[in-house]
Amino acid sequence: MIPLSDNVIFYDTEFSSLDPYVGEILSIGLVKLSGESLYLELEYSGEYSTWVKENILGGLNGPKVKREDAVKKIHDFIGSERPYLVANVNCYDAVYTYKLFGIDDQPFYWLPLDFASMLFAHGMDPENYNKQEQSFFERIGVDPTRYHQHNALDDALLLRETYLALSK
């Protein structure tokens, strides 16, 4: 299968809550098809969900950037060509990314590509992905143990590697 475009960026976010009305991005990882990457942890002083406290905060040890600085760094990383964003669970990543950039300042195409749908097309049930993932990764020759789960950059890197394996 030949993709429509090679101008894709794989990305993942970690955020403070699943509730998009109160949550904000805590970290974002972006990886170009070439492997070039950007990882940012953002300043945040609000509340965190219990799950985030237990599963995400311990891994956020990098320098924090202001939200407006993150937007500029992401614009610089992306460049002038509008890419397609690819996310595993784009319903959350997209909402939080739109909140970060605002409606009129997005440097990427409006509709992110949903990797869960691609998994579905390859016989995986996205709702039960975590129960099947080891056999799936073995089947396509990807070693997920090289990546830290719930780290935005590692999740984006794993997404890229999986995409490349499925594109063969």
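First residue of the sequence shown: 2, per my numbering; consecutive thereafter.
The beta-carbon is built from N, C-alpha and C at its ideal position, and this holds for glycine as well.
Computed from a prediction, not measured in an experiment: that's the story for all the values here.
DSSP places D156 in the uninterrupted alpha helix (DSSP H) bounded by 153-167. Distance between S17 and R68, taken at the CA atoms: about 14 Å.
Residue pairing by DSSP places G30 opposite D13, Y40 in a beta bridge. In the DSSP annotation of this structure, Y85 is not part of any alpha helix (DSSP H); the continuous beta strand (DSSP E) holding it starts and ends at 85-88. For L34, the CB contacts under 6 Å within the same chain, skipping 5 residues up- and downstream, are D7, V9 in chain order.
Taking the Cβ atoms as the reference, Y40 lies roughly 12 Å from L27, outside the contact range of under 8 Å. Contact between the stretch 99-113 and the stretch 134-142 is absent: fewer than three C-beta pairs spanning the two stretches fall below 8 Å. Using a Cβ-Cβ distance cut-off of 8 Å, the stretch 48-66 and the stretch 111-120 are not in contact, since fewer than three pairs of beta carbons, one from each stretch, lie closer than that value. R83 and K74 have their C-alpha atoms some 15 Å from each other. Looking at the DSSP output, L114 sits in a beta bridge with V87. Here DSSP, grouped into helix, strand and coil, assigns V66 to strand. Here L61 is not near Y12, since their CB atoms are 9 Å or more apart.
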